[in-house]
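Enquirer: Input: one structure, supplied below.
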Ligand SMILES: Cc1cc2nc3c(=O)[nH]c(=O)nc-3n(C[C@H](O)[C@H](O)[C@H](O)COP(=O)(O)O)c2cc1C
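Residue numbers (my numbering): 206 to 364.
Written as structure tokens, this is what we have:
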């Protein structure tokens with residue numbers, strides 16, 4: 206018996222999370238990025254993180270080609286960016302968005318709560334997603350509160 210996808214989403218929606226933008230910039234192409242909450246720490250030595258990306262996402266192939274990505278953890282006042290990078294009808298998601306590069310050339314969003322810049326260390330097929338494992342080459346964090354996602358809605362986290 207396999208679970209109905211709406212039921213799967215309903216149950217997993219109870220897993221509250223932060224919200225990040227995963228971005229990549231293949232050589233000779235424009236930058237690609239998407240909103241993601243399937244982001245986790247994997248290993249300390251070497252320092253590894255993972256992101257799970259839908260194979261149908263435009264960003265997916267860019268990640269394979271570039272072999273690198275940055276993860277920007279969004280701040281509580283960056284819900285607009287979370288919605289922009291989750292939209293499928295925005296021609297250039299980076300237009301009017303402040304970003305910079307660090308080590309790999311992948312876009313890091315300004316004013317993020319935290320960011321890591323990664324080289325793709327492994328890519329594992331997983332159903333309709335690919336688990337990209339990234340080796341963290343650089344990163345930093347600021348003393349700001351993050352955006353939160355819970356049961357389909359955005360909120361602000363206050364400890
Ligand atoms: C809160 C939130 C979390 C999301 N998490 C993921 C995720 O972890 N992986 C993923 O592939 N898509 C995720 N999405 C959906 C993508 O952001 C969305 O499909 C996006 O339009 C893909 O962009 P692209 O086709 O330009 O790459 C999430 C959306 C939202 C709103």
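Ideal placement from N, C-alpha and C gives every residue a C-beta, glycine not left out.
Keep in mind the model is a prediction, meaning the values are calculated, not measured.
Less than 8 Å separating the Cβ of residue 282 from some heavy atom of ligand 1?
Expert: Mapped onto the chain shown, residue 282 falls at position 77. For ligand 1, not one heavy atom lies less than 8 Å from the Cβ of residue 282.
Enquirer: Within 10 Å of its beta-carbon, does residue 249 have 16 or more other beta-carbons around it, so buried, or fewer, so exposed?
Expert: The residue labelled residue 249 in the question sits at position 44 within the chain shown. Exposed.
Enquirer: Flag this pair as yes or no: are the beta carbons of residue 337 and residue 327 separated by less than 9 Å?
Expert: For the purposes of this step, residue 337 is identified with residue 132 of the chain shown, where counting begins at 1. For the purposes of this step, residue 327 is identified with residue 122 of the chain shown, where counting begins at 1. In contact: residue 337 and residue 327 (Cβ atoms closer than 9 Å).
Enquirer: Which of the three DSSP states is assigned to residue 359 in this structure?
Expert: Against the chain shown, residue 359 aligns to sequence position 154. Correct three-state label for residue 359: strand.
Enquirer: Taking only runs that begin and end inside the segment 291-333, name each unbroken alpha helix (DSSP H) of 4 or more residues, in chain order.
Expert: Within the segment 291-333, no complete alpha helix (DSSP H) run reaches 4 residues.
Enquirer: I'd like to confirm something about residue 219: is its beta-carbon nearer than 8 Å to some heavy atom of ligand 1, or not?
Expert: Position 14 of the chain shown holds residue 219. Checking every heavy atom of ligand 1 against the Cβ of residue 219, none is found closer than 8 Å.
Enquirer: Considering only DSSP beta bridges, list what residue 222 is partnered with.
Expert: In the chain shown, residue 222 corresponds to position 17, counting from 1. BP columns for residue 222 point to 354.
Enquirer: From this set, 355, 292, 262, which residue's C-alpha is nearest residue 229's C-alpha?
Expert: Position 24 of the chain shown holds residue 229. The shortest Cα separation from residue 229 among 355, 292, 262 belongs to 262.
Enquirer: Pairing CB atoms from the segment 310-317 with CB atoms from the segment 241-261, are three or more of them under 8 Å?
Expert: No, the segment 310-317 is not in contact with the segment 241-261.
Enquirer: Output the distance between the C-alpha atoms of residue 358 and residue 325, rounded to the nearest integer angstrom.
Expert: Position 153 of the chain shown, counting from 1, holds the residue named residue 358. Position 120 of the chain shown, counting from 1, holds the residue named residue 325. C-alpha separation (whole angstroms): 30 Å.
Enquirer: With DSSP collapsed to three states, give me the class of residue 271.
Expert: Here residue 271 is taken as the residue at index 66 of the chain shown, counted from 1. The answer is helix: DSSP assigns residue 271 an H, G or I state.
Enquirer: Taking 8 Å as the cut-off, is the C-beta of residue 362 nearer than that to any heavy atom in ligand 1?
Expert: Counting from 1 along the chain shown, the entry for residue 362 is found at position 157. Residue 362: no, Cβ never under 8 Å from ligand 1.
Enquirer: For a quick check, are the C-beta atoms of residue 304 and residue 276 less than 9 Å apart?
Expert: Residue mapping note: residue 304 aligns to position 99 of the chain shown, counting from 1. Residue mapping note: residue 276 aligns to position 71 of the chain shown, counting from 1. No, Cβ-Cβ distance for residue 304 and residue 276 is not below 9 Å.
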